[in-house]
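So the sequences go chain by chain: R and Y. Under the working numbering, the first residue of the first sequence carries the number 3, and numbering increases by one thereafter. Under the working numbering, the first residue of the second sequence carries the number 3, and numbering increases by one thereafter. For glycine and all other residues, C-beta sits at the position ideal for the given N, C-alpha and C. Here's the structure we're looking at; comments come further down.
2 protein chains.
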Amino acid sequence: MKKYISILKTTKLFAGVSEDEIGAMLSCLDARLHEYKKGEYVLRQGEHLNRITVVVTGELHVQRDDYWGNRAIVNRIGVGEMFGEAYIAPESGAILNDVVAVEDSTVICFDVRRIITVCSSACRFHSMVVQNLFFAVSEKNRTLVQKLGHISRRTTREKLISYLSEEAKRQNSPSFAIPFNRQQLADFLSVDRSAMSNELCKMRDEGLLTFEKNQFHLLSGGLV
Amino acid sequence: MKKYISILKTTKLFAGVSEDEIGAMLSCLDARLHEYKKGEYVLRQGEHLNRITVVVTGELHVQRDDYWGNRAIVNRIGVGEMFGEAYIAPESGAILNDVVAVEDSTVICFDVRRIITVCSSACRFHSMVVQNLFFAVSEKNRTLVQKLGHISRRTTREKLISYLSEEAKRQNSPSFAIPFNRQQLADFLSVDRSAMSNELCKMRDEGLLTFEKNQFHLLSGGLV
DNA sequence: TCTTTTCCGTTGTAAATACAACCGATTTAT
DNA sequence: ATAAATCGGTTGTATTTACAACGGAAAAGA
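This is how it looks when you write it as structure tokens:
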């Protein structure tokens with residue numbers, strides 16, 4: 003556990019908290035370490051959640067498969083990111099999606115309920131963590147709205163443009179890598195992979211962008 | 003302002019706070035009342051937000067129109083509900099959507115930043131409000147994920163089924179009213195109105211449900 | 001009351017999508 | 001090193017959707 007404290011320090015959850023202080027909080031947050039192999043389920047739809055989980059190595063996807071096998075990727079959780087913040091409020095209900103390791107992953111989960119509900123002066127940095135949590139949920143909220151903006155577009159091309167331009171803006175460059183392969187991107191945008199692949203190539207042929215694997219480049223005169 | 007305190011008391015923001023205490027907090031939260039006519043913009047995409055707004059009469063839509071006139075309704079804010087919670091964190095950026103009054107509406111907005119960032123003991127109920135805010139953002143988060151679940155479905159029918167079943171579950175009855183007319187529902191689900199209308203009638207003819215105006219009834223053997 | 005506007009179902013057509021199947025290239029596993 | 005699996009592009013077809021246009025009914029406004 004100790005060796006991951008430097009990673010924890012970089013997370014939104016522990017922003018503004020020193021490594022020593024994180025170390026001191028671990029027991030009071032009942033921190034537990036778990037490991038998952040690629041493809042393993044961290045959590046399944048319908049389960050109840052009372053812990054926040056931070057990824058320290060690997061990557062998780064929040065996703066859901068419907069009856070017909072269509073997968074929808076709601077979110078990806080990379081190193082230093084977390085999930086479960088939105089479910090620590092009482093009566094949050096069951097989670098709506100599966101959480102799956104898309105690579106071999108290590109996570110640390112925390113029982114943060116006690117520091118939310120009891121007086122925040124129990125530990126000196128509790129109130130800081132509570133505020134961090136609030137900001138983190140807020141940010142995830144804005145991310146979800148942004149994602150809604152992508153998939154509420156009518157056509158595959160519009161969805162791609164919406165997503166890719168935002169990613170370029172976020173990474174502050176017309177050249178950037180995306181954290182998905184083709185199938186995952188299709189699942190993220192809720193479209194068919196082959197249709198999307200087709201559309202991407204059309205866009206490339208029209209001079210809007212170039213790409214190789216997961217590296218994209220938006221061309222001036224095209225999308226930027 | 004005073005006359006709306008009874009409504010404020012029912013909101014998620016002031017849960018657990020008495021009317022007297024709300025009254026005392028109004029000035030410290032710099033509460034301001036605003037009125038909007040049906041169709042008026044409360045906020046436009048690109049603006050920056052630093053206040054939380056609670057609806058006390060009427061109804062707002064959080065929505066966005068694209069270049070071609072396609073409208074996407076992200077959320078509706080009814081009486082007692084609020085918006086802006088996710089933007090009080092510093093560096094939240096500009097809001098991504100418009101907020102529009104779909105009926106004549108009255109809102110009260112608050113400057114909650116000070117109670118988030120400064121020590122929460124300034125007022126006795128500040129910490130309660132902070133916690134309420136956190137829970138509210140969490141709940142909105144879960145709602146957004148649920149909405150993502152609807153519109154990530156591939157076909158109009160699946161989107162309708164996803165939305166209507168959830169609404170039945172939420173209202174705890176196979177018979178329920180929805181807060182949208184047809185055009186609004188189509189914008190909410192990001193589909194074409196006429197195509198959706200068509201699909202609804204097909205579903206009715208197939209015996210899955212009945213409806214009249216915004217009143218729906220899911221039939222056993224059909225969707226329930 | 002009369003007019004105007006909104007609402008919602010209907011239809012036909014063009015466009016876009018999903019789906020399945022295939023294949024070569026690359027990566028991973030044995 | 002070889003086999004197996006994954007990945008990504010391509011194509012054709014059936015399905016689904018968007019779009020435009022229309023009209024009757026209901027609601028809103030004058």
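Contact list for F136/Y against chain R, beta-carbon separation under 8 angstroms: Position 134 of the second sequence, counted from the first residue, corresponds to residue 136/Y. Result: A91, I118, V132, L135, F136 and V139.
Rounded to whole angstroms, what is the Cα-Cα separation between S122/R and Q47/R? In the first sequence, residue 122/R corresponds to position 120, counting from 1. In the first sequence, residue 47/R corresponds to position 45, counting from 1. Low confidence applies to S122/R: its pLDDT is 49, below 50, so where it sits in the model is not reliable enough to give any reading.
Worksheet item: If you check the beta carbons only, do F136/Y and L31/R fall under 8 angstroms apart?
Response: In the second sequence, residue 136/Y corresponds to position 134, counting from 1. In the first sequence, residue 31/R corresponds to position 29, counting from 1. No, the pair does not count as a contact, with Cβ atoms beyond the cut-off.
Can you list the residues of chain Y that R66/R reaches, using a CB-CB cut of under 9 angstroms? For the purposes of this step, residue 66/R is identified with residue 64 of the first sequence, where counting begins at 1. Here the neighbours are G151 and S154.
Problem - N- and C-terminal bounds of the alpha helix (DSSP H) containing E169/R - result: By one-based count along the first sequence, residue 169/R stands at place 167. Unbroken alpha helix (DSSP H) run through E169/R: T158 to Q173.
Is D207/R buried or exposed, if buried means 16 or more other CB atoms sit within 10 Å of its CB? Residue mapping note: residue 207/R aligns to position 205 of the first sequence, counting from 1. So D207/R counts as exposed.
| field | According to DSSP, residues forming a beta bridge with Y38/Y | value | Counting from 1 along the second sequence, the entry for residue 38/Y is found at position 36. Answer by DSSP bridge pairing, in chain order: S107/Y.
Tell me, to the nearest whole angstrom, how far the beta carbon of V56/R is from that of V109/R; I am working on the premise that it is less than 8 angstroms.
-> Taking the first residue of the first sequence as 1, we reach residue 56/R at position 54. Taking the first residue of the first sequence as 1, we reach residue 109/R at position 107. About 6 angstroms; that satisfies the 8 angstroms criterion.
Between the CA atoms of L28/R and Y6/R - distance to the nearest angstrom | Looking up residue 6/R in the first sequence gives position 4. Looking up residue 28/R in the first sequence gives position 26. So the two alpha carbons sit approximately 11 angstroms from each other.
Check: For S199/R and chain Y, any beta-carbon pair shorter than 8 angstroms?
Finding: Residue numbering aside, residue 199/R sits at position 197 when the first sequence is read from its first letter. For S199/R, the answer is no, since every Cβ of chain Y falls outside 8 angstroms of its Cβ.
Near F213/Y, which residues of its chain fall below 8 angstroms by C-beta distance, leaving aside the five closest residues on each side in sequence? Within the second sequence, numbered from 1, the residue matching residue 213/Y stands at position 211. Hits under 8 angstroms: L202, R206 and H219.
Start and end of the beta strand (DSSP E) containing H128/Y? As a working mapping, residue 128/Y is identified with position 126 in the second sequence. Not the beta strand (DSSP E): H128/Y falls in the alpha helix (DSSP H), residues H128 to I153.
Original post:
CA-CA distance, E231/Y and N52/Y?
Top reply: Missing from the structure shown is residue 231/Y; chain Y here goes from 3 to 226 and no further.
Quick one: is L220/Y near chain R, going by C-beta distance under 8 angstroms?
-> Indexing the second sequence from 1 puts residue 220/Y at position 218. Not one chain R Cβ lies under 8 angstroms of L220/Y.
*Which residues of chain R have a Cβ atom closer than 8 angstroms to the Cβ of R144/Y, listed in chain order?*
Here residue 144/Y refers to the residue found at position 142 of the second sequence. Residues of chain R passing the Cβ test: A88, Y89, S94, G95 and L98.
What does N174/Y reach in chain R if we use C-beta pairs closer than 8 angstroms? Along the second sequence, one-based indexing puts residue 174/Y at 172. Residues of chain R passing the Cβ test: none, with the nearest at roughly 14 angstroms.
- Nearest-angstrom Cβ-Cβ length linking S192/Y and S167/R, presumed shorter than 8 angstroms: Within the second sequence, residue 192/Y is the residue found at index 190, counting from 1. Within the first sequence, residue 167/R is the residue found at index 165, counting from 1. So it is not a contact: roughly 19 angstroms between Cβ atoms.
Name the DSSP beta bridge partners of D67/R, please? Residue mapping note: residue 67/R aligns to position 65 of the first sequence, counting from 1. R73/R, per the DSSP bridge assignment.
request  = Mind listing the chain R neighbours of N183/Y? Cutoff is C-beta to C-beta under 7 angstroms, in chain order.
outcome  = As a working note, residue 183/Y is residue 181 in the second sequence. Under the 7 angstroms cutoff, chain R gives no residues; its nearest Cβ is about 18 angstroms from N183/Y.
For A17/Y, name the three-state secondary structure that DSSP assigns.
-> To locate residue 17/Y, count along the second sequence from 1; it is residue 15. If DSSP states are grouped into helix, strand and coil, A17/Y belongs with coil.
What are the boundary residues of the alpha helix (DSSP H) that I247/Y is part of? Here chain Y covers residues 3 to 226 and nothing more, so residue 247/Y does not appear.
### Query
What are the start and end residues of the beta strand (DSSP E) that includes F178/R?
In the first sequence, the residue the question calls residue 178/R occupies position 176. S177 to A179 is the span of the beta strand (DSSP E), which, as asked, contains F178/R.
Measure the alpha-carbon distance for S20/Y versus A179/Y and round it to whole angstroms. Translated into positions along the second sequence, residue 20/Y becomes position 18. Translated into positions along the second sequence, residue 179/Y becomes position 177. Their backbone Cα atoms lie some 32 angstroms apart in a straight line.
| request: Quickly, what does DSSP pair Y43/Y with across the bridge? List them, please. | output: To locate residue 43/Y, count along the second sequence from 1; it is residue 41. Its beta-bridge partners are V102/Y.
Inset, instruction - Name the one or two DSSP bridge partners that T212/R has. - result: As a position in the first sequence, residue 212/R is number 210, starting the count at 1. In DSSP, T212/R forms a bridge with H219/R.
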